[in-house]
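Novice:
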Amino acid sequence: MAESVYKVIELVGTSTESWERAAAAAVKRAAKTLRDLRVAEISQLDMQLKDGKVESYRAKLKVSFKYEGD
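Under this note's numbering, the first residue of the sequence shown carries the number 18, and numbering increases by one thereafter.
(1) So, under 8 Å CB-CB, L66 and A40 are touching, yes? Tell me the CB distance rounded to an integer number of Å.
(2) When burial is assigned at 16 or more other CB atoms within 10 Å of the CB, is A43 buried or exposed?
(3) Excluding the five sequence neighbours on either side, which residues of its own chain have a C-beta within less than 7 Å of the C-beta of A48, listed in chain order?
(4) Specify, as a first and last residue, the run of the alpha helix (DSSP H) that R38 falls within.
(5) DSSP on Y84, reduced to helix/strand/coil?
(6) Note the first and the last residue of the continuous beta strand (DSSP E) segment covering E20.
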């Protein structure tokens, strides 16, 4: 097997519905500009609150993709 290198970036997705949708939004957006996404690891979940109610869900992800640079 040939050697490969992967770059890892951190993204934050948001959703008014759920953490799952927040994570999916981050991956969907990243896929528009990055090729060969491999793994997404959720590193943190939190919520934004307003007047004691959940306003939005946030998912922080570490996403890896194959590094093609020199």
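Quick reminder that beta carbons are idealized off the backbone N, C-alpha and C, glycines included.
Specialist: This is what the structure gives:
(1) Locating residue 66 in the sequence shown gives position 49, where the first residue counts as 1. Locating residue 40 in the sequence shown gives position 23, where the first residue counts as 1. Wrong, their Cβ atoms sit about 19 Å apart, outside the cutoff.
(2) For this step, residue 43 is matched to residue 26 along the sequence shown. Result: buried.
(3) Within the sequence shown, the letter at position 31 stands for residue 48. If we look at A48 and ignore the five residues flanking it on each side, its Cβ neighbours are L54.
(4) As a first step, residue 38 is located in the sequence shown; it is residue number 21 there, counting from the start. Run containing R38: 36-47, per the alpha helix (DSSP H) assignment.
(5) As a first step, residue 84 must be located in the sequence shown, where it is residue number 67. Coil at Y84, not helix or strand.
(6) Here the question's residue 20 lines up with position 3 in the sequence shown. Per DSSP, E20 belongs to no beta strand (DSSP E) and is neither H nor E.
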